[in-house]
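A.B. asks:
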Amino acid sequence: MRTVFVMVMAILTLTACSQEPVQQPSPIGTDAPVLVPGSPGAPARTATPGERIGHKAKSAVAADVRFAEAMIPHHRQALEMTSLVNDRTTTPVIHAFARSITAAQTPEIQAMTGWLAELGRPVPGEHAHDQAAGYGMASQEELNALRAARGSAFDRMFLQLMTRHHEGAVKMAGEELAGGKDQRMRMMAKDVYSGQSIEIARMKKALESLP
Numbered sequence: 171m172r173t174v175f176v177m178v179m180a181i182l183t184l185t186a187c188s189q190e191p192v193q194q195p196s197p198i199g200t201d202a203p204v205l206v207p208g209s210p211g212a213p214a215r216t217a218t219p220g221e222r223i224g225h226k227a228k229s230a231v232a233a234d235v236r237f238a239e240a241m242i243p244h245h246r247q248a249l250e251m252t253s254l255v256n257d258r259t260t261t262p263v264i265h266a267f268a269r270s271i272t273a274a275q276t277p278e279i280q281a282m283t284g285w286l287a288e289l290g291r292p293v294p295g296e297h298a299h300d301q302a303a304g305y306g307m308a309s310q311e312e313l314n315a316l317r318a319a320r321g322s323a324f325d326r327m328f329l330q331l332m333t334r335h336h337e338g339a340v341k342m343a344g345e346e347l348a349g350g351k352d353q354r355m356r357m358m359a360k361d362v363y364s365g366q367s368i369e370i371a372r373m374k375k376a377l378e379s380l381p
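Everything in the sequence shown is counted per my numbering, starting at 171 for the first residue and increasing by one.
(1) To the nearest angstrom, how far is the alpha carbon of A303 from that of R258?
(2) Can you give me the C-alpha to C-alpha distance between G365 and A273, rounded to a whole angstrom?
(3) Mind checking A376: buried by the 16 CB within 10 Å criterion, or exposed?
(4) Just the C-alpha distance for S367 and V231, rounded to the nearest angstrom, thanks.
(5) Identify which residue in R246, S229, I242, N256 has its Cα closest to the Cα of R320.
(6) Suppose only complete runs of 4+ residues qualify. What are the alpha helix (DSSP H) ranges in the segment 321–365, listed by chain order?
(7) P243 lies in the alpha helix (DSSP H); which residues open and close that run?
(8) Just how far apart, CA to CA, sit K360 and P277?
(9) Counting along the chain, where does the alpha helix (DSSP H) carrying N314 start and finish?
As structure tokens, then:
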């Protein structure tokens, strides 16, 4: 009988221990609420379980799509112009502009390409310049002249074309900020607007200082 009593007590003790609460980290979206910032002027909200924070391409409007589809070929042409610099001039300020433009616009093209893919929209082709028409794009004749130029002639033409090109990008970014809704595209438009506005002022100053 004593043996049975000891066994019963042992079972009860183990059962009680197994019922003690065990502290485990709370998965995000269950016990630990995650606040998602709203659009400018809108309140924050609580994320739903399993939600991918920061991926809101499905809320895009036509202005967001137009911005991405036009800015991709616009950026590509800027990179085409910067790729000419190394073989045509030794002017340090021109090389500095080319490096800055390449560093900023290469990842922006990648980001907009991925964003369009999320929407299931095709990425503009390599020569699809129509979407960016009217935004400071260089004509084929101007690009050919830039390729043929060397030294100070190249420097001057590069700054003139790139300044106009940047002004077109700033205009495009302003339109996105006025009518776009997607947070990622609006954030990119803000970066383009501020960054290229600064470069426009610097390029104009550099143009004035050329011999």
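Beta carbons are placed, not taken as given, at the ideal position from N, Cα and C, and that holds for glycine.
C.D. replies: So, to answer that:
(1) Start at 1 with the first residue of the sequence shown, and residue 303 comes out as number 133. Start at 1 with the first residue of the sequence shown, and residue 258 comes out as number 88. The straight-line gap from Cα to Cα measures roughly 27 Å.
(2) Mapped onto the sequence shown, residue 365 falls at position 195. Mapped onto the sequence shown, residue 273 falls at position 103. Going by the C-alpha atoms only, they are around 12 Å apart.
(3) Here residue 376 corresponds to residue number 206 of the sequence shown, with the count starting at 1. That one is buried.
(4) For the purposes of this step, residue 367 is taken as the residue at position 197 of the sequence shown. For the purposes of this step, residue 231 is taken as the residue at position 61 of the sequence shown. Taking the straight line from one Cα to the other gives about 25 Å.
(5) Counting from 1 along the sequence shown, the entry for residue 320 is found at position 150. Taking only the C-alpha atoms, the option nearest R320 is N256.
(6) The qualifying runs are 321–349.
(7) In the sequence shown, residue 243 corresponds to position 73, counting from 1. Taken as a continuous stretch (DSSP letters only), the alpha helix (DSSP H) holding P243 covers 232–252.
(8) Counting from 1 along the sequence shown, the entry for residue 360 is found at position 190. Counting from 1 along the sequence shown, the entry for residue 277 is found at position 107. So the alpha carbons of these two residues sit roughly 15 Å apart.
(9) Your numbering for residue 314 matches position 144 in the sequence shown. Note, N314: alpha helix (DSSP H), 310–318.
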